Amino acid sequence: MPSLPIPVWPALCAALLVGLEAGHASARDLSDVSLVLGDQTRQLRSLAEASHVLDDAPYDYRWANFQDAAPLFEAQRAGAVDTAYAGDLPVLMAASGGVDLELMATNEGDDGANALVVQQDADIHSVSDLAGKTVVVSSARGSISQHLLYAALEEAGVPIDQVNVKFVLPTDASAAFNAGQIEAWATFDPYLGMAERHGGRVLRDSKGLRHTLSFVTATRSAMEDPDKQAAIRDVTQRFIKARAWALAHPEEYAKVYARLTGLSEEDARWIAARSSHGMRPVEPGDIEQLQQISDLFSALDILPRPVDAQRLLPDAAEHDAASLTPQPAGAS
């Protein structure tokens with residue numbers, strides 16, 4: 059699909075913002091709506107509870123927590139959760155694998171929160187030293203950590219086939235790394251932060267390699283219900299406000315994050331300090347980045363099939379974009 063003309067995007071983003079605000083202020087009775095909010099490592103829940111943004115939500119909701127994106131998107135595929143929260147490549151993996159989802163909001167991640175970490179005494183001092191080694195990636199194929207590993211190997215001139223890549227769920231990998239059973243690990247926060255706090259040494263993070271984006275997504279089936287769509291748009295706007303609150307109140311946020319995750323407050327502050335640079339509506343650059351990632355990992359045969367990133371925009375936005383795009387003479 060050709061990219062949207064540049065003039066379309068301001069109007070498109072404005073339409074999304076209006077939709078979000080309208081959902082929040084709507085007089086629609088949502089008292090019979092119940093949302094299941096999919097979460098990873100209680101990231102969104104800690105934001106919501108610390109900021110109290112859901113205290114007056116006009117609908118019921120409950121949280122469904124997952125340790126990483128792969129099982130979260132399986133739940134979204136099954137209709138067990140209405141929304142999910144995950145990084146860019148996992149979102150593409152889900153869409154490529156048949157999860158019918160829409161992008162609701164973008165989180166600007168910190169590029170230090172995704173890294174290759176090795177044991178302190180490992181004889182690995184640069185990415186080039188990974189040739190001939192085993193690197194554990196958390197979690198499944200198509201994770202943001204796999205993207206980082208491949209980008210780091212390319213930067214170092216190490217062919218991918220010279221590294222033995224194994225995929226291990228992050229909680230299992232974390233325990234194994236802390237026990238010294240894993241030498242090199244590609245992972246993300248909070249697992250990365252925990253590894254660092256236990257003496258792990260960062261070999262290469264994402265800085266200068268890839269800009270980490272995460273997305274709040276919703277299933278199209280949920281968005282087809284007008285009441286549920288209004289609730290999802292409303293909760294998305296509340297997540298955006300919650301992230302802004304957390305950035306302005308880092309100490310208060312870290313305390314709630316520690317309580318919900320079982321981390322010490324010191325570890326929680328360490329991890330929360332690099333969790334985000336803000337959440338916002340989806341922008342054209344996000345779609346461009348997703349498309350580049352889709353093209354790359356389709357060529358590497360990681361994605362089951364290519365993904366047209368523009369088709370992950372909400373249906374209303376696609377309709378607005380189509381109506382705003384200048385039509386050639388005679389077109390209808």
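For my numbering, count along the sequence shown from 1 and bump the result up by 58. Quick reminder that beta carbons are idealized off the backbone N, C-alpha and C, glycines included. Quantities reported herein were computed from a predicted structural model and do not represent experimental measurements.
Query raised in the report: Rounded to a whole number of angstroms, what is the C-alpha to C-alpha distance between glycine 190 and leucine 250?
Result: 23 angstroms
Query raised in the report: Applying the criterion that 16 or more other CB atoms from any shown protein chain within 10 Å of the CB defines a buried residue, is valine 274 buried or exposed?
Result: buried
Report task. Tell me whether the beta-carbon of alanine 244 lies closer than 7 angstroms to the beta-carbon of serine 203. Result -> Yes, the Cβ-Cβ distance between alanine 244 and serine 203 is below 7 angstroms.
Query raised in the report: Per the contact definition of three or more C-beta pairs closer than 8 angstroms, is the region 264-283 in contact with the region 227-243?
Result: A contact between stretches requires three or more CB pairs, one per stretch, nearer than 8 angstroms, and the region 227-243 fails this requirement with the region 264-283.
Requested in this report: For the alpha helix (DSSP H) containing valine 293, list its first residue and its last residue.
Outcome: 284-306
Query raised in the report: tyrosine 117 by DSSP, collapsed to three states: which one?
Result: coil
Report task. Could you please give the first and the last residue of the uninterrupted alpha helix (DSSP H) stretch that includes glutamine 101? Result -> Counting along the chain, glutamine 101 sits inside the alpha helix (DSSP H) bounded by residues 101-109.
Query - Rounded C-alpha distance that separates glycine 145 from arginine 259 - result: Cα to Cα, glycine 145 sits roughly 23 angstroms from arginine 259.
Query - Contact between the region 280-288 and the region 303-322 (3+ Cβ pairs under 8 angstroms) - result: no
Query raised in the report: Where does serine 92 sit, in a helix, a strand or coil, going by DSSP?
Result: strand
Requested in this report: Flag this pair as yes or no: are the beta carbons of asparagine 165 and serine 334 separated by less than 7 angstroms?
Outcome: yes
Query - Assigned exposure category for asparagine 172 - 16 Cβ within 10 Å defines buried - result: buried
Query raised in the report: Which class does lysine 265 belong to by DSSP, given the choice of helix, strand or coil?
Result: coil
Query raised in the report: Alpha carbon to alpha carbon, what distance is there between lysine 299 and arginine 291?
Result: 13 angstroms
Query raised in the report: How about valine 340 and serine 154: do their beta carbons lie closer than 7 angstroms?
Result: no
Report task. For the alpha helix (DSSP H) holding leucine 130, just list the boundary residues, first then last. Result -> 127-135
Query - As assigned by DSSP and simplified to three states, the class of glutamine 98 - result: strand
Query raised in the report: Within 10 angstroms of its Cβ, does proline 372 collect 16 or more other Cβ (buried), or is it exposed?
Result: buried
Report task. With a cut-off of 8 angstroms on the beta carbons, I'd call valine 185 and leucine 211 a contact; round off their distance for me. Result -> Going by Cβ atoms, the distance from valine 185 to leucine 211 rounds to 6 angstroms, so yes, they are a contact pair.
Query raised in the report: Taking all protein chains shown into account, do 16 or more other C-beta atoms lie within 10 angstroms of the C-beta of serine 89, making it buried, or fewer, making it exposed?
Result: exposed
Query raised in the report: Tell me, which residues are paired with arginine 259 by DSSP?
Result: Looking at the DSSP output, arginine 259 shares a beta bridge with Val176.
Query raised in the report: Roughly how many whole angstroms lie between the Cα atoms of alanine 80 and threonine 294?
Result: Only weak support is given to the placement of alanine 80: the predicted model assigns it a pLDDT of 43, under 50, and the question is left unresolved by the model.
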